[in-house]
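Visitor: Residue numbers (our numbering): 121 to 383.
Could you have a look at this structure, given as structure tokens, before my questions?
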């Protein structure tokens, strides 16, 4: 969770993210399936989950909310920046696409995905969000969750997403930005070669998810640290989460969800 607080606070976050994710994978997060923030509604979503998924409920609910902007049943789906593959695994099992391809620039993460998430119709490939290694019109939907803040060129990603989508295909997209990047963000979305079919500011829902998932975050960061350090680490994680929540509540940052359609 501390990644996002750094992402929205430093001008060098793009370079930072390029090296941070492989480091995170290799040094303690190889068994963490989700790297995104959480999501919860009021009243609670109560998405039916298996016992093995319950620990990741609030991360899963963000994927669920983004993906259900359209029907993925029987569709060919690409997830750009799939992280450690938890979202891909959940969507394959719950949304029943015909096929699902997870792509990520982090080779260590892709290795984890291939080892951990072995399901029919699910594959993982290493690749660049701004130079997708697929033919034109290859997919019915592209999923992108909390990743585009790491891309050097957001317009380039939108162009590539549109290229690999079939006519009528959907880009199901969500991410966070600081207030001083709102105009640039909206401009890239307006100029994208797709029609905007849905937009929602979900900052309050992400705050709820973060608050609910704090114990998970604390466990994630303490499970491999000496017991003597558990207290300080738990306190640091709580402080980091609180800072993210304050930013979302005050409008310093905004978490938004979009659905774009290729006509």
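Note that the Cβ used here is the ideal one computed from N, Cα and C, for glycine as well.
In this structure, what does DSSP give as the bridge partners for residue 158?
Guide: Working through the chain shown from its first residue, we reach residue 158 at position 38. Per DSSP, none; premise fails for residue 158.
Visitor: With residue 391 as the anchor, note down where its alpha helix (DSSP H) starts and where it stops.
Guide: What the structure shows of the chain is the stretch from 121 to 383, and residue 391 is not part of that stretch, so it cannot be assessed.
Visitor: Can the beta-carbon of residue 290 be found less than 8 Å from the beta-carbon of residue 379?
Guide: Here residue 290 refers to the residue found at position 170 of the chain shown. Here residue 379 refers to the residue found at position 259 of the chain shown. Contact flag set, yes.
Visitor: Would you report the Cα separation of residue 222 and residue 197, rounded to the nearest angstrom?
Guide: As a position in the chain shown, residue 222 is number 102, starting the count at 1. As a position in the chain shown, residue 197 is number 77, starting the count at 1. Distance between the alpha carbons of residue 222 and residue 197: 9 Å.
Visitor: Would the segment 318-331 count as touching the segment 363-376 if we require 3 or more Cβ pairs under 8 Å?
Guide: yes
Visitor: Return yes when the C-beta of residue 222 is under 7 Å from any heavy atom of the ligand MN, and no when it is not.
Guide: As presented, the structure is devoid of all ligands, the ligand MN included, so that no description of it is given.
Visitor: How many angstroms separate the CA atom of residue 265 from the CA atom of residue 343?
Guide: The residue labelled residue 265 in the question sits at position 145 within the chain shown. The residue labelled residue 343 in the question sits at position 223 within the chain shown. The alpha-carbon atoms of residue 265 and residue 343 are separated by roughly 26 Å.
Visitor: Determine the direct distance from the alpha carbon of residue 176 to that of residue 244, and round the result to whole angstroms.
Guide: Walking along the chain shown from the start, residue 244 turns up at place 124. Walking along the chain shown from the start, residue 176 turns up at place 56. Going by the C-alpha atoms only, they are around 21 Å apart.
Visitor: Which of the three DSSP states, helix, strand or coil, is assigned to residue 290?
Guide: Your numbering for residue 290 matches position 170 in the chain shown. Three-state DSSP puts residue 290 in a strand.
Visitor: Counting pairs of beta carbons, one from the segment 290-303 and one from the segment 368-379, are three or more of them closer than 8 Å?
Guide: Yes, the segment 290-303 touches the segment 368-379.
Visitor: How should residue 339 be labelled, buried or exposed, when 16 other C-beta atoms within 10 angstroms of its C-beta is the threshold for buried?
Guide: In the chain shown, the residue the question calls residue 339 occupies position 219. Exposed.
Visitor: Pair every Cβ in the segment 244-255 with every Cβ in the segment 213-232, then say whether three or more of these pairs are closer than 8 Å.
Guide: yes
Visitor: Rounded to a whole number of angstroms, what is the C-alpha to C-alpha distance between residue 268 and residue 310?
Guide: Numbered from 1 along the chain shown, position 148 holds the residue referred to as residue 268. Numbered from 1 along the chain shown, position 190 holds the residue referred to as residue 310. For residue 268 and residue 310, the gap between their C-alpha atoms comes out near 16 Å.
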